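Comments concern the structure below.
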Amino acid sequence: MRVLGIDPGFGRMGYGIIEEHRGGLRVLDYGCFETKPTERAGGRLRAIRDALAGLLASWKPTLAATESLFFSKNVKTALQVGEARGVILLTVAECALPLIELSPQEVKLAVTGYGNAEKSQVQRMVQRILGLPKPPKPDDAADGLALAIAAAQMRKFLRRL
Numbered sequence: 056m057r058v059l060g061i062d063p064g065f066g067r068m069g070y071g072i073i074e075e076h077r078g079g080l081r082v083l084d085y086g087c088f089e090t091k092p093t094e095r096a097g098g099r100l101r102a103i104r105d106a107l108a109g110l111l112a113s114w115k116p117t118l119a120a121t122e123s124l125f126f127s128k129n130v131k132t133a134l135q136v137g138e139a140r141g142v143i144l145l146t147v148a149e150c151a152l153p154l155i156e157l158s159p160q161e162v163k164l165a166v167t168g169y170g171n172a173e174k175s176q177v178q179r180m181v182q183r184i185l186g187l188p189k190p191p192k193p194d195d196a197a198d199g200l201a202l203a204i205a206a207a208q209m210r211k212f213l214r215r216l
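Take 56 as the starting number for the sequence shown in this note's numbering and just add one per residue.
In structure tokens, the structure reads:
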């Protein structure tokens, strides 16, 4: 199983790609795609789609995961992230790829065992689970890896039922 975790964002989209390996998980790739703040919204959304489509074509994951809709005090930010999520959902659907949507609390619980864990705790557990020499950076990429880990664990659990 190969899993793509996508941390939705309008200015920066984090991602992490992992696969099952020898009874555990290993990282294949992670990073971020940034859109230009000077570009119009449509161009930024197209850039997100193109970057995501490139990842899907290159790595051919069998499962994708992203954060479910969240609420923010900053309405503009929430709307932009919602637009980015729409592009993510559509791009993944066009590949007929199963998608799991997880809340931040579900991801934290799956990765650390505590749904209200601090970001640094999540990053250290991602490092440990994937055997990385140091916590992954930037934060958005670490979130993408955490989403992928949580989805892989969920899928593994559901297969046992």
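Every residue gets a Cβ at the ideal spot worked out from N, C-alpha and C, and that includes glycine.
Because the structure is a prediction, the values reported are computed rather than measured.
Buried versus exposed, by CB contacts within 10 Å (16 or more), residue i
i, result
"Q160", "exposed"
"K115", "exposed"
"R99", "buried"
"T93", "exposed"
"A106", "buried"
"L122", "Note on residue identity: the sequence assigns Glu, not Leu, to residue 122. By the neighbour-count rule (16 or more Cβ atoms within 10 Å), E122 is buried."
Separation of residue j from residue i, as counted between CA atoms
i, j, result
"A203", "M68", "14 Å"
"N129", "V136", "11 Å"
"A102", "P188", "31 Å"
"G64", "R77", "33 Å"
"T167", "Q176", "7 Å"
Coil, strand or helix - residue i by DSSP
i, result
"E94", "coil"
"E149", "helix"
Boundaries (first-last residue) of the beta strand (DSSP E) holding residue i
i, result
"L157", "154-157"
Extent of the continuous alpha helix (DSSP H) run through residue i
i, result
"K128", "Counting along the chain, K128 falls outside any alpha helix (DSSP H), and DSSP gives it neither H nor E."
"K174", "174-185"
Counting only runs of 4+ residues fully inside the region 60-124, write out the alpha helix (DSSP H) ranges in chain order.
-> List check, alpha helix (DSSP H) in window: 96-114.
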